[in-house]
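Asker:
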Amino acid sequence: MTTQSTTANTATTAGTAGAQPPAAPRGAAHFLAPLVAGLFNGIMPVRLRAWDGSEAGPTDAPRVVLRDRDAVRHLLARPGELGLARAYVTGSLDVDGDLTDGLRRVWAGIAEHGTSLPGPVEAARAARVLVTLGVVGPPPPPPHTEARMRGRPHSRERDAAAIAHHYDAGNDLYELLLDESMAYSCAYWTSDDPGYTLADAQRDKLELVCAELGLSEGDRLLDVGCGWGSLALHAARHHGVAVTAVTLSARQRDHVTERARAQGLGGLVDVRLQHYREVADTGFDAVAAIEMGEHVGRDGYAPFARALRTRLRPGGRLLVQQMSRRGPRPGGGAFIERYIAPDMYMRPLGETVGLLEDAGLEVRGVRAMREHYVRTARAWSAELERRFEELVGLVGAESARVWRLYLAGGALAFEDGSMGVDQIVAVRPDRPGPTGGPDRTGTRAGGLR
């Protein structure tokens, strides 16, 4: 991608006579564009439109709109992902057209050309430009939607606050975005038929979980971090399973309790407002943790794995569906940690498998589902865009923009492989040594599917 100048070149060759043409007007975008290009090794990955209407940069690049000087002030205060997120969430910065496509093209440019920090001369020049444009000053306050966590990480109180920040935003919000099952986790897509919907894919995911756990009538299932009860209700209704479902979200607890009552499942589904560490029951035939293990922290996963094993009966089965991440940023990045999931920690898949084995569980199989999350996030994003104004009316413009950025960026993170998601099936051995007998679901032990 090459930078295209938007200003006329008024220079003439030596000896040319006559009056010079008037210089094209230069606005804020023309002064900012070289600074942006300097951060990307001379390549301008976007076209800029500034608050004064001026534009500069490649005409075929995504157009970033700086609606006011606060967009630059956010970036000066917190260079990088957090500053960009703050500018976008507050509406000071926007992207024309499809946000997902714009982010994809920018990320591709960064991957191809890299980034660089300015040297002393470039930094001094940039400072003069920024002073001239009137953008140097006190930083704007952070958006009110940004999490402000207090207390010891992963204490019961802080875990509850982290869950409330995202999951207690209102059941109406999730009813707007999700399918009727209220499943807020990666779906399992088994068809490319145009009539096959997100609801179908979520139903197939729930049935896959029940099959992997080998659930049958009369079994006892512990659903750790039950969300809005999609698995608990499905297992009870379709498989006759007695489910103990735990959550730290009061709104989720109330929602699942009411759905169970309305569906005549109150005798099978016991919903508790409880931390997983406080579950005293043992002897469960199966335990499921669907995209919950990311929230227990770096140092909390080993005791989490031991707790899951302890609650299983010998021979009982565990299914963990969990996101993974490679590289130096296991929390998911500044935006995710401040706006979506405070204290989140993701690790490579192999580390999770090792921790489960260290806890005394025998891992029987892993199902990689990364591509399935791309389709799931795109489906949620499409519904958000279709009902965006309704969402703004429900939660406000800032929160709606948080969700738009979250789903667009999340889909790309799974698309480019920087994040993954997997179902890990394990069993608590019924005696020392390898588990005897065939796998209850007929899948090959240790198989990667």
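Residues are numbered in the working numbering as their position in the sequence shown, beginning at 1, plus a constant of 53.
Ideal Cβ placement from N, Cα and C applies to all residues, glycine included.
Since the model is a prediction, treat every value here as computed from it, not as a measurement.
Can you give me the Cβ contacts of residue 169 inside the same chain, cut-off strictly under 6 Å, excluding the 5 residues immediately before and after it?
Answerer: Only 94 meet the Cβ criterion.
Asker: Hey, how far is the Cα of residue 310 from the Cα of residue 409?
Answerer: 31 Å
Asker: Under three-state DSSP, which class holds residue 342?
Answerer: In the three-state reduction of the DSSP assignment, residue 342 falls in the strand class.
Asker: Are the Cβ atoms of residue 120 and residue 108 separated by less than 9 Å?
Answerer: no
Asker: Closer than 6 Å by C-beta to residue 362: which residues in its own chain qualify, once you throw out the five before and the five after it? Chain order, please.
Answerer: 412, 413, 414 and 481
Asker: Take residue 431 as the anchor and find which of 323, 441 and 465 has the nearest alpha-carbon.
Answerer: 465
Asker: For residue 266, which residues of its own chain have a beta-carbon under 6 Å away from its beta-carbon, when the five flanking residues on both sides are left out?
Answerer: 339, 370 and 372
Asker: Rounded to the nearest angstrom, what separates residue 479 and residue 122 at their Cα positions?
Answerer: 54 Å
Asker: Alpha carbon to alpha carbon, how far is residue 428 from residue 128?
Answerer: 32 Å
Asker: With 16 as the cutoff for other CB atoms within 10 Å, does residue 76 come out buried or exposed?
Answerer: Only weak support exists for where residue 76 lies, its pLDDT of 44 falling under 50; the value from the coordinates is given anyway. Flag for residue 76 reads exposed.
Asker: Per DSSP, which residues does residue 226 bridge with? Please list them.
Answerer: DSSP, once it has assigned bridges, lists no residue as partnering residue 226.
Asker: Once you ignore the five residues that flank residue 367 on each side, which residues in its own chain have a CB closer than 8 Å to its CB?
Answerer: 481, 482, 483 and 484
Asker: Could you tell me which residues DSSP pairs with residue 365 in its beta bridges?
Answerer: As DSSP reads the structure, residue 365 sits in a beta bridge with 337.
Asker: Is the CB-CB distance between residue 153 and residue 471 below 9 Å?
Answerer: no
Asker: Provide the residue(s) that pair with residue 422 in DSSP beta bridges, ordered along the chain.
Answerer: None; residue 422 has no bridge partner.
Asker: Taking a contact to mean a Cβ-Cβ separation below 9 Å, would you say residue 405 touches residue 346 in this structure?
Answerer: yes
Asker: Can you tell me the Cβ-Cβ gap for residue 171 and residue 179, rounded? I've got them flagged as a contact below 8 Å.
Answerer: In this structure, residue 171 and residue 179 form a Cβ contact; the two beta carbons are roughly 6 Å apart against a cut-off of 8 Å.
Asker: Residue 201 to residue 214, Cα distance in whole Å?
Answerer: 10 Å
Asker: Using the three-state DSSP reduction, which class does residue 477 fall into: helix, strand or coil?
Answerer: strand
Asker: Which same chain residues, not among the five before or five after residue 183, have their C-beta less than 6 Å away from its C-beta?
Answerer: In chain order, 189 place their CB closer than 6 Å to the CB of residue 183, counting only its own chain and leaving out the 5 sequence neighbours on each side.
Asker: Have a look at 460, 241, 360 and 125 and flag the residue whose alpha-carbon is nearest the alpha-carbon of residue 193.
Answerer: 125
Asker: Since residue 157 is in the alpha helix (DSSP H), which residue starts that stretch and which ends it?
Answerer: 152 to 166
Asker: Who are the Cβ neighbours of residue 402 in its own chain at under 6 Å, not counting the five residues just before and after it?
Answerer: 377 and 475
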